[in-house]
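Undergrad: Take a look at this one; I'll ask things after.
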Amino acid sequence: MNIEFNKTPAFLLKVQIRDVKFGKNVKIIEPVNLFECTIGDNCLVAAFVEIQKNTIIGNGTRIQSHSFICENVTIGENCFIAHGVMFADDMFKTGAPCFQDKSTRKNIVIGNNVSLGTHATIMANICDNVVIGAGAVVTKEITKPGIYAGNPARFFRAIS
0 MNIEFNKTPA FLLKVQIRDV KFGKNVKIIE PVNLFECTIG DNCLVAAFVE
50 IQKNTIIGNG TRIQSHSFIC ENVTIGENCF IAHGVMFADD MFKTGAPCFQ
100 DKSTRKNIVI GNNVSLGTHA TIMANICDNV VIGAGAVVTK EITKPGIYAG
150 NPARFFRAIS
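Going by numbering that gives the first Met the number 0, the first residue of the sequence shown is number 0, and it counts up by one from there.
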């Protein structure tokens, strides 16, 4: 087999920041992929983060490295998104990914003052004043403030 190195393949897509609405005092640590989203005032987006279109990040929110925020997510103010948090909007309702029919995808809304632990997976809405533990998988809407952990995420205790 003959392999040639140091040649850029035609399919290589570069990291980019495209068509983003930035608030004041936003800090971005590259490389990142940010496109067609809105990032509020005083936010931080760390390296290796992707934020897709129609997503809104509220004022004062910090997003740590290696996190993925899919389309149509709204994150409130003063939230903390730890390393490696993944948002998933495709519930595979047909048994396969919905590449063509995006109508089956969910819009995910995260309230204010929410902290999402390292490697949490978020698949449902979360109300204000919630802490999600590391590695938790949020599959059902969270409507009561408090601390949640596990797979699937369950109420652990109130925040004192």
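The beta carbon of each residue, even a glycine, is placed where N, CA and C say it ideally should be. In this text, all values refer to a predicted model and were calculated from it rather than measured experimentally.
Tell me where the beta strand (DSSP E) around Thr73 begins and ends.
TA: Element bounds for Thr73: Val72 to Ile74.
Undergrad: What do you reckon, are the CB atoms on Val31 and Ile38 nearer than 8 Å?
TA: Contact: no.
Undergrad: Counting pairs of beta carbons, one from the segment 70 to 80 and one from the segment 131 to 143, are three or more of them closer than 8 Å?
TA: Result no; under three Cβ-Cβ pairs closer than 8 Å.
Undergrad: Put Arg104 into one of helix, strand or coil per three-state DSSP.
TA: Three-state DSSP puts Arg104 in coil, outside helix and strand.
Undergrad: Suppose you measure from the CA of Ala123 to the CA of Asn106; what does that come to, to the nearest Å?
TA: Distance between the alpha carbons of Ala123 and Asn106 is about 8 Å.
Undergrad: So Ile125 and Ile141 are supposed to be a Cβ contact under 8 Å. How far apart are they, rounded?
TA: That pair is a contact at about 5 Å.
Undergrad: Rounded to a whole number of angstroms, what is the C-alpha to C-alpha distance between Thr117 and Val48?
TA: Each residue's alpha carbon lies about 13 Å from the other.
Undergrad: List the residues that DSSP assigns as beta-bridge partners of Ala148.
TA: Partner(s): Arg153.
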